[in-house]
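Peer 1: Residue numbers (our numbering): 97 to 665.
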Amino acid sequence: MTDTRNTPGADGGDALVTAFNAVGADYLFCSSGSEWAPVWESLARRHRDGLPCPEYLDLTHETVAVGMATGYGLVRRRPQGVLLHAAPGLLQGSMAVHGALLAGVPMVVSSSESTTYGDGPGQDPGGQWYRNLSIVGGPHQVAQPFTKWSTEAASVHTLPTMVARAAELAWRAPAGPAYLNIPLEILLEDWDGREAKPIVAPGSTHSSPEEVDPVGQLIREAANPVIVTETAGREAGGFEALVAFAEAWNIPVVEPDSAVCGNFPRTHPLHAGSDIGPWMDEADLILLVNCRAPFYPPSRRPSKAKIVVIDEVPQRPHVVYQVMFADRYLEGNVANTLRQLTKRAKDLDAAAVTARRTAQEARRAQELAAIAAAEAKAAEAEGIDPVLVAATLRKLLDGKDGIVVDETITHSRVVKRHVQTADPDSYFYVQGGLGQGIAVALGVKLAAQERPVVLTIGDGAFTYNPVIPSYDASKSYELPLLIVVFNNRVYKSMNLNHRRFYPEGAAAETGEWLGTDLHRLPRLASFAEPFGMHTETVDTRDALAPALERALKAVAEGTTAVVDVLVTR
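(1) Measuring CB to CB, does Ala239 end up less than 7 angstroms from Ile278?
(2) For the region 561-596, list the beta strand (DSSP E) runs that are entirely contained and at least 3 residues long, ordered along the chain.
(3) Taking DSSP as the reference, what is the three-state secondary structure of Lys496?
(4) Looking only at DSSP bridge pairs, what is Phe125 linked to?
(5) For His630, write down the residues that DSSP places opposite it in a beta bridge.
(6) Tell me where the alpha helix (DSSP H) around Leu138 begins and ends.
(7) Between His302 and Gly233, what straight-line distance do the alpha-carbon atoms span, to the nearest angstrom?
(8) Among Arg412, Arg173, Gly373, which residue has its Cα nearest to the Cα of Pro393?
(9) Strictly by DSSP, which residues pair up with Ala274?
(10) Tell me which residue opens and which closes the beta strand (DSSP E) that Gly554 is part of.
(11) On the CB-based measure, 16 or more other CB atoms within 10 Å of its CB, does Glu408 come out buried or exposed?
(12) Can Leu437 and Phe360 be called in contact, C-beta distance under 7 angstroms?
(13) So for Ile480, helix, strand or coil by DSSP?
(14) I'd like to check one pair, Cys357 with Arg330: are the Cβ atoms closer than 7 angstroms?
(15) Would you mind listing the alpha helix (DSSP H) stretches within the region 390-466 that are 4+ residues and don't spill past its ends, in chain order?
(16) Looking at the structure shown, is Val296 part of a helix, part of a strand, or coil, going by DSSP?
(17) Mapping DSSP to helix, strand and coil, what is Asp107?
(18) Rounded to the nearest angstrom, what separates Gly120 and Val113 at their Cα positions?
(19) Go ahead and label Ser304 buried or exposed: buried means 16 or more other beta carbons lie within 10 angstroms of its beta carbon, across all protein chains shown.
(20) Just how far apart, CA to CA, sit Arg268 and Thr633?
(21) Decide if the region 603-622 is in contact with the region 650-664; the criterion is three or more beta carbon pairs, one per stretch, under 8 angstroms apart.
(22) If I'm right that Arg181 touches Ser128 with Cβ under 8 angstroms, what's the distance once you round it to whole angstroms?
(23) Pop quiz: Leu197 and His414 are said to be a contact at Cβ under 8 angstroms. What is the actual Cβ separation, rounded to whole angstroms?
(24) Using only CA atoms, which one of Met590, Arg595, Glu625 lies nearest to Ile564?
(25) Relative to the alpha-carbon of Thr488, which residue among Ser230, Ala468, Ile505 has its alpha-carbon at the smallest distance?
(26) Buried or exposed: Tyr525, going by 16 or more other Cβ atoms within 10 Å of its Cβ?
(27) For Arg141, collect the residues of the same chain with a Cβ closer than 6 angstroms to its Cβ; drop the 5 residues on either side in sequence, then sort them by chain order.
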């Protein structure tokens, strides 16, 4: 093989950039790999010549690249491009790719290998592929379990349409990442300019009147119905459609702890909290709206309720074990199905509606009283209770159109209950494993640069994150965040399970709790100092609100702020 320089001209790098233009990608989120030189050259030519191309983000960790694409996609709901490095880069980013699958975010992820190892015609791809970077079966085999679709591009001439196919598959329900292995030789090969046709948004599916009418009748006949939802707000128009549906029929809405995003205003009178438990024996109709697995354990079925599943793809192929106990399915587009059902909210039994409205008002009053009592107690407690942190954030964010990205575990219920987000695309919970929160929040900020973005995160989750590469991305691309660390100096969830499984074990007897202590960590805010970011460590109640106010001011002025709050539990 002769190692000669590529002459400027159309090659596989141009084909790939053209393809991402065609699919409408705004960004290429790239964690650099040596295979991407043809893409970089194509981008440099396009920048020089004023030709269109996606904006390129040069990121220094795979989790940051995929996580930012996830956060961006949560808000914009269109497939973006992600470029990783060979099989090792794919493996490094695999948890975040899996998180995108669980969150239902479309993206096209690519990496590369060599197919000739220096023995074919054309340029020498480099010996690292022969010795270290290649993997038996190719990286597309590795990606298969945690993507919707995974394959290898076999020719430069089909590369643009392969990218288009990947994007179209990624965009359709259930949305998620598709993976394409693009051999380096194809990226270096001459391209004849055949382009992919620009793709368009998926068409919507519709449940027929023959399917919707009987469900409308079930709702009309129900005395005590309830809606349970995890991801209705993820769908375009889903948040607003769910509010209209619940109000038209006067049905309470439960968002379980497994909710992926904000689906219904937490401040709404029909919001019925996070616990489906009280409804298991009381409800006579349960409407599961984009709810993957509402019952735990799976064998725990409602005692008398009929169950209607409203979900475009209710049987999620990436969920290993899914038990719905459904009596009926409405499998059209969720927002459209809810609108159809809203139109059928006529001739309701006034007495039944009044009875359930009265019951919900009582539940809501009890919940608001409990929230107020918890916040009053936290305001007087010694040290900083997590409830006080969440309540203070709610007050500071009031009227600011903020977005909360949450990567807490033991404090996630506190965050949802006391921050009380109320608008579409105002709350997202990080999916698929800890260590992605900062990157996802950065992607959300990229998509909503006019809105303040707050990441709430535990100290254990914070240490899992690629902190330095995330701060680099924040500073390099001017994406300021407010990062609030709920720091209890312990892996609390691990400790709780140890105590639950072995309440009278050796650890309980001796006090030797392994795998939990985080006291040895340095000040978590200090990692942001070399980047010139605003940092605070807070350990008293009186200092909390002023510190968060200063931090939000710094964010508004364009600087990421990290507030490490030493909470009492």
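The C-beta atom is built at its ideal place from N, Cα and C for all residues, glycine as well.
Peer 2: Taking the coordinates as given:
(1) Going by C-beta atoms, Ala239 is not nearer than 7 angstroms to Ile278.
(2) Within the region 561-596, the runs of beta strand (DSSP E) that reach at least 3 residues and sit entirely inside it are, in chain order, 578-583.
(3) Shown here, Lys496 sits in coil according to DSSP, grouped into three states, outside any helix or strand.
(4) Beta-bridge pairing by DSSP links Phe125 to Leu153, Val178.
(5) His630 pairs with Ala657.
(6) Per the sequence shown, residue 138 should be read as Ser rather than Leu. Where Ser138 is concerned, the enclosing alpha helix (DSSP H) stretches over 133-145.
(7) Separation of His302 and Gly233 (C-alpha to C-alpha, rounded to the nearest whole angstrom) is 40 angstroms.
(8) Comparing alpha carbon positions, the residue from Arg412, Arg173, Gly373 closest to Pro393 is Gly373.
(9) Beta-bridge analysis with DSSP links Ala274 to Val204, Trp245.
(10) Here the beta strand (DSSP E) through Gly554 covers 549-554.
(11) Under a 10 Å Cβ-count criterion, Glu408 is classified as buried, with 16 or more other Cβ atoms of the shown protein chains found around its own Cβ.
(12) By the CB criterion at 7 angstroms, Leu437 and Phe360 fall outside the cutoff.
(13) Ile480: strand per DSSP, three-state reduction.
(14) Against a cut-off of 7 angstroms, the Cβ pair of Cys357 and Arg330 comes out as a contact.
(15) Counting only runs of 4 or more, we get 430-439.
(16) Look at Val296 here: in three-state DSSP terms it is coil, with no helix or strand label.
(17) DSSP places Asp107 in the strand class (E or B) of the three-state scheme.
(18) Taking the straight line from one Cα to the other gives about 11 angstroms.
(19) Ser304 comes out exposed.
(20) Cα to Cα, the separation comes out at about 44 angstroms.
(21) The region 603-622, when compared against the region 650-664, does touch it at the 8 angstroms Cβ threshold.
(22) Checking the displayed sequence, the identity of residue 181 turns out to be His instead of Arg. Between the beta-carbon of His181 and that of Ser128 there is about 7 angstroms, and that keeps the pair under the 8 angstroms contact cut.
(23) The pair is a contact, with the Cβ atoms about 6 angstroms apart (cut-off 8 angstroms).
(24) Measuring from the Cα of Ile564, the nearest candidate turns out to be Glu625.
(25) If we check each option's Cα against that of Thr488, Ala468 comes out closest.
(26) Per the 10 Å Cβ criterion, buried.
(27) Excluding residues within five positions, none has a Cβ falling inside 6 angstroms.
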